[in-house]
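Position in the sequence shown counted from 1, then plus 21, gives you my numbering. Working notes, structure below.
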Amino acid sequence: MHDELVDHLTRSTPLSRGEALRVIQDVLAYFDETAGDYVRRRHRELQAEGLMNAEIFERIAADLKYRAVAPPELTLRQLRRMVYG
């Protein structure tokens with residue numbers, strides 16, 4: 022799986038084959054996260070930092086634009102509904 026990328030990483034970094042494969046799997050898992058899962062996770066993380074919902078949802082809306090496969094633009098209301106139902 023992803024042999025060319027593993028080969029590239031082992032040539033261009035000090036990673037072993039096993040380490041390179043683990044990094045690739047971690048990155049792919051990160052980008053497999055759905056928009057809803059991302060919104061809920063980031064909401065929990067930012068809430069734990071003490072931020073208020075108004076700031077949290079503005080920040081999440083801005084961050085979603087930079088995901089590898091950006092979802093359609095979501096309103097603040099849609100983001101709130103992902104978290105609270």
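Where is the CB? At the ideal position from N, CA and C, for every residue including glycine.
Open item on the list: Just to confirm my understanding: we take residue 30, look at its own chain, exclude 5 residues before and 5 after, and list those with CB closer than 8 Å. What are they?
Closed with: Indexing the sequence shown from 1 puts residue 30 at position 9. Taking C-beta separations shorter than 8 Å and ignoring five residues to either side along the sequence, the partners of residue 30 in its chain run 36, 41, 44 and 45, following chain order.
Task: Residues near residue 77 by beta carbon distance below 7 Å, same chain, minus five either side - done: For the purposes of this step, residue 77 is identified with residue 56 of the sequence shown, where counting begins at 1. Contacts found: 64, 67 and 68.
- [ ] Give every residue of the same chain whose Cβ lies closer than 8 Å to the Cβ of residue 23, excluding the five residues on either side of it in the sequence, and list them in chain order.
- [x] As a working mapping, residue 23 is identified with position 2 in the sequence shown. So the list reads 42 and 45, once near-sequence residues are dropped.
Open item on the list: Considering just the uninterrupted stretch of the alpha helix (DSSP H) at residue 88, what are its terminal residues?
Closed with: Within the sequence shown, numbered from 1, the residue matching residue 88 stands at position 67. Here residue 88 belongs to no alpha helix (DSSP H), and DSSP marks it neither H nor E.
Task: Selection from 79, 88 and 106 that minimises the alpha carbon distance to residue 96 - done: For the purposes of this step, residue 96 is identified with residue 75 of the sequence shown, where counting begins at 1. If we check each option's Cα against that of residue 96, 79 comes out closest.
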